[in-house]
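Under our numbering, the first residue of the sequence shown carries the number 56, and numbering increases by one thereafter.
For glycine and all other residues, C-beta sits at the position ideal for the given N, C-alpha and C.
Notes follow once the structure below has been shown.
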Amino acid sequence: MLDSDLIQSEGLSLTEYTVLMNLSEAPERSLRMSELANYVSISVSGLTRVVERLERTGLVERVRSTADGRGQLARLTPAGLKCLKKAWPVHLESVRRHVMDHLQNVDLAAFADALAAIAQAEVGPPVRRRGR
């Protein structure tokens, strides 16, 4: 559902969208590949394949870490940010249509708290968000 809406509209899978979203919210719009894999909840090798696809379309680039010179960072490109800004309303509408519209009698604040607790337990504290 969410995946097919993004693919049909923007040519992005939900996983690719999630990678772009996480990079957009990270300091300097870049994350270590291992850290990004944790946030996206896929293996590092799976993330490598996703990032390679995004690199081919110019949405993400990989660069050496300046901290230690060994690790690689995935960095959101200006084209990637532009694509994300275009895909974001599509994703939001898809979530509303496929999820939120079916929660009419649910306490949305309690639901949001439950989702936050699940996310916290799964990947740890969220990435420090950039001021907007």
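- The C-beta of Glu-107 has fewer than 16 other C-beta atoms within 10 Å across all chains shown, which makes the residue exposed.
- Just so you know, the alpha carbons of Val-95 and Ala-174 end up roughly 11 angstroms apart.
- Judged by their CB atoms, Val-74 and Val-99 are not nearer to each other than the 8 angstroms cut-off.
- Just measuring C-alpha positions, the residue of Arg-84, Asn-77 and Pro-82 sitting nearest Ala-92 is Asn-77.
- Inter-residue distance for Cys-138 and Glu-65 is about 8 angstroms (C-alpha atoms, whole angstroms).
- The bridge partners DSSP lists for Leu-131 are Val-115.
- One Cα belongs to Ser-89, the other to Leu-128, and the distance between them is close to 9 angstroms.
- Counting along the chain, Ser-120 sits inside no alpha helix (DSSP H), nor does DSSP assign it H or E at all.
- C-alpha of Ala-169 to C-alpha of Gly-124: approximately 39 angstroms in a straight line.
- With fewer than 16 other beta carbons inside 10 angstroms of its own, Arg-151 counts as exposed.
- The bridge partners DSSP lists for Leu-86 are Ala-129.
- Of all alpha-carbon atoms in Val-145, Leu-147 and Glu-116, the one lying nearest the alpha-carbon of Ala-134 is that of Glu-116.
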